[in-house]
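Beneath this line is the structure, given in structure tokens, with notes to follow.
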Amino acid sequence: MKKLVTPFRVGLLVLAAGGVLFFFLTFVKKGGMSKEESVLLNASFRDASGLTRRSRVQIAGIPVGEITDIKLEGVRARVYLRVKREIGVRQNASISKRSESLLGDYMLDLTPGTEEAKVLDDGGEITKVVDAQGMEQIFGSLTTITADIQAVTGALRNVLGGAQGQGSLESIVQNLVKLTEAVERTIRESAVKLDSILANVDAVSGDVRRLTEREQNSVGNIVGNIEGISKDVRDVMASVKKVIGENEGDVKGSVAGLKDTLAKLDRTMANIEDVTNKVKQGEGAIGALVSDQKLGQKVSDTVEDIADYAGKLTNLEVEVGVKADYALNQGNSKTFLEIRLTPKPDKYYLLEAVDDPRGSVSTTYVQSNPPTSGNPVTQKQTITTQSIKFSAQFAKRYSFLTLRFGIIESTGGIGADFTLPIKFFYSSRWIEDAFAVKVDAFNFSIEALRFPRLRATVRFIPFEHVYVHVGVDDILNTPNRDSLSNQYVSGRDFFFGAGVYFTDSDLKSILPVVPKP
Amino acid sequence: MLSNAIERIGLGLFAFVEEIGGLATLLLDVLKWTFRPPMRVQNLFAQLDFVGVGSIFIVALTGVFSGMVFAHQSWRAFELFNAESLVGPTVSLTITRELAPVFSALMVTMRAGSAMCTELGTMRVTEQVDALETMAVNPVQYLLVPRVLAGLIMVPLLVMIFDLMGLMGGYFVSVTVKGLSAGTFITRTQQWLDPEDIGEGLIKGAVFGLFIALVACFKGYHASGGAKGVGQATTEAMVASALGIFILDYFVGVILH
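Chains A and B are the protein sequences, given in the same order.
Count along the first sequence from 1, then add 41; that gives the number in this note's numbering.
Count along the second sequence from 1, then add 3; that gives the number in this note's numbering.
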């Protein structure tokens, strides 16, 4: 039994030790670093201190290779490194030495390069070597910094170390305390104001926000307009540049001319200064006007009155028209010349000259027997004369109703117009007062008439400046003809007619083209 | 007085050189008789079992604690430089290159070398060796070859056991006790540890195993003077083996690099 157990135990030990050896060899094997799977590259370093064989080469903190050898080459160190082939190190790759810890343990950071460069193969050299700051240089810098700090602290000690320095420090501290107290007081006192200001700012910003929200389209339009304007300005500037570029000589000439002009202007300004000085001193008519307060006030009032008058004149509209009626019973036509003055839209003055075939009727009583022959015998004489009648009316307008009063056909009378605007099918615009019903009442005191003369007219304006009308004249009275001349002197009569009218703006546009005699 | 001292130094030097010569002669004898029949396999396995299997526990225990102590101390040092990640490589390289072969050889010397020397010395003073020669059995082949081969073969195997246990001890202290990242310990160890390092430990183990077995056999085989002589021979064998291990460690290390 013992013969079997002893070899078995020895065999177990051998197997265990062999297993451990296999584990170790597998464990320490560097994957991907065989000659087939890696490339051997080299780089020349000015300082390779801290780098040793098997120091890591890494990209982005991930090991991709290791240093295999370091050799002295002249005064530089040639470092050989093996990098995984799959990395594909390019000709424009760069490499730098970096400290791994304070122990002076270094590694290499590799930047593999970009795709446009060729891939390095075995024996290739990485030419871009970045010499990073080594720990020695860092310690050197720290030494310099320490010396500076010592100098500063020494200076501080000299300034603040003595009794005088201590006093200065106490003074500074006291000033600081006062300053902070003042700041605190100011803040406390200003807190309410600040709150108010902030509230106002908040309200304003809210208004602006609401405004911009509500007027978003308008803001957009404004921005668009500004863009358009800036574009136009650019165009203008480009044009100006172009013009200047093309006409450089002209510009120089213009500048020279401008200089002359400025010189003249300078002289002119000197003269003006002289004049204004005299005016200021009250010399001359203008000086008296300016320096005399009373006279100035009068001039001011006068100018104001003139301005008011001129404004009224300027606002006055004049309308001139001619119309003709044909009276059916009369068998004759009646002609009107009208001038309408409209100082304001709601009132106007109407002046007319009327050629009426009925003429003017006047009645006189004459004593036919001598005054001494008993009771006087009077005789009534009705005389009809053909003369021009005049109308002068004042009209006041209330919306579609216009009331008139004044002299109508040389007698007192009143009138009323009912007007409506119409948009005809052939026109694209509304015509004011295109439809009108007019009623006039006058001749209240003529004895020959039983009732006052009442006239109703319906008027249409189918086109601007032209109208037609129909109506009934002397509606209330019965027809009456003169027994001798058979002339129709009064009574109901139907008429129709047409007319034209022009406004002052029409006349302004017409008159310049009228040939001059 | 001075002459006596010089004489003693000279005698000691002579004795040292004489022992070197005796060891070399014995090594040649062992080599010569190793390849001569009959092959005494049972004897060889008995010695392999005694030297190797019997030393596993003590070597493993030594390995674990060596790794733990070394990790603990190196941690304290590297902590000052914020370079704790280097504990793994330090422990692994030190153990595989130096500690495993040296400590394994010392353990085998103390446990098996002393036993070999005492056994052979006792056989020598009780004339059992002479009896073997009388029976036409070559004592070198019968007694020494299995022991020397056992030392040569088993110490490298024990070195591997030491390596494994030492790294486990270092891992335990660094990762479990000190809180280093396991990934850092493993990757950095992997980065720094090479097959050459393990091979160096194995070569050293073989050299040490051969040396301690030769010294133990030489001292025991040439023991004289009864029980006292055997004891003295054993003491001399232990001292020579221990000293020889450290001296050889230096030279083998230099030769390998």
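We treat Cβ as the ideally placed atom computed from N, Cα and C, and that holds for glycine.
For residue i, the first and last residue of its enclosing beta strand (DSSP E)
| i | result |
| --- | --- |
| A:Thr109 | 103-114 |
| A:His510 | 507-514 |
| A:Ala89 | Taken as a continuous stretch (DSSP letters only), A:Ala89 belongs to no beta strand (DSSP E), as it is neither H nor E. |
| A:Arg97 | 97-100 |
| A:Lys125 | 117-125 |
| A:Ala497 | 494-504 |
Any C-beta of chain B under 9 Å from that of residue i
| i | result |
| --- | --- |
| A:Pro104 | yes |
| A:Arg226 | no |
| A:Met42 | Low per-residue confidence applies at A:Met42: pLDDT is 45, beneath 50, and the placement is therefore not dependable, though the value from the model is reported in the following sentence. Cβ-Cβ to chain B under 9 Å: no for A:Met42. |
| A:Leu62 | yes |
| A:Val69 | yes |
| A:Arg97 | yes |
| A:Leu149 | no |
| A:Phe65 | yes |
Residue j beta carbon less than 9 Å from that of residue i
| i | j | result |
| --- | --- | --- |
| A:Arg123 | A:Gly102 | no |
| B:Gly57 | B:Arg114 | yes |
| A:Ile128 | A:Asp150 | no |
| A:Phe535 | A:Asn370 | yes |
| A:Gln427 | A:Pro417 | no |
| A:Val363 | A:Thr544 | no |
| A:Asp514 | A:Arg494 | yes |
| B:Ser88 | B:Ala240 | no |
| A:Ile108 | A:Arg87 | no |
| B:Asp166 | B:Ala103 | yes |
| A:Lys479 | A:Gly456 | yes |
| A:Lys421 | A:Thr443 | no |
| B:Leu147 | B:Tyr224 | yes |
| A:Thr498 | A:Val511 | yes |
| A:Lys388 | A:Asn356 | no |
| B:Gly182 | B:Val67 | no |
| A:Arg445 | A:Asp458 | yes |
| A:Arg491 | A:Asn527 | no |
Those residues which DSSP pairs with residue i across a bridge
| i | result |
| --- | --- |
| A:Lys421 | A:Tyr406 |
| A:Ile559 | Residue 559 of chain A lies beyond the residue range present for chain A, which begins at 42 and ends at 558; the question has no answer from this structure. |
| A:Ala587 | Nothing about residue 587 of chain A can be reported from this structure: the residues present for chain A run from 42 to 558 only. |
| A:Glu358 | A:Thr383 |
| A:Lys430 | A:Val395 |
| A:Asp534 | A:Asp514 |
| A:Arg131 | A:Val160 |
| A:Val171 | A:Ser137 |
| A:Lys437 | A:Lys388, A:Leu444 |
| B:Val20 | Answer is none; B:Val20 lacks a bridge partner. |
| A:Val80 | A:Val124 |
| A:Tyr529 | A:Arg522 |
| A:Glu166 | A:Asn83 |
| A:Leu461 | A:Phe476 |
9 Å Cβ cutoff, residue i in contact with chain A
| i | result |
| --- | --- |
| B:Arg41 | In the sequence on display, residue 41 of chain B carries Pro and not Arg. No, B:Pro41 lies away from the interface with chain A (no Cβ there is under 9 Å from its Cβ). |
| B:Ala49 | yes |
| B:Phe188 | no |
| B:Asp32 | no |
| B:Val56 | yes |
| B:Ile59 | yes |
| B:Asp52 | yes |
| B:Thr99 | yes |
| B:Pro37 | The sequence given here places Thr at residue 37 of chain B; Pro does not occur at that position. Not closer than 9 Å to any Cβ of chain A, the Cβ of B:Thr37 fails to qualify, so no. |
| B:Thr179 | no |
| B:Thr93 | no |
Residue i: first and last residue of the uninterrupted alpha helix (DSSP H) it sits in
| i | result |
| --- | --- |
| B:Leu51 | 44-54 |
| B:Thr187 | 185-195 |
| A:Ser135 | Per DSSP, A:Ser135 belongs to no alpha helix (DSSP H); it is in the beta strand (DSSP E), 135-140. |
| B:Tyr174 | 148-174 |
| B:Met119 | 117-128 |
Cβ-based contacts, 8 Å cut-off: residues of the stretch 44-58 of chain A near chain B: Lys44, Thr47, Pro48, Arg50, Val51, Leu53, Leu54, Val55, Ala57, Ala58
Selection of the stretch 143-169 of chain B by Cβ proximity to chain A, strictly under 7 Å: Leu160, Met163, Ile164, Asp166, Leu167
Near-chain A residues of the stretch 125-140 of chain B (beta-carbon distance less than 9 Å), N- to C-terminal order: none
Residues within the stretch 195-227 of chain B neighbouring chain A, beta-carbon criterion of under 8 Å: Trp195, Leu196, Asp197, Pro198, Asp200, Ile201, Leu205
Short-range partners of chain B found in the stretch 210-236 of chain A, where Cβ spacing is below 9 Å: none
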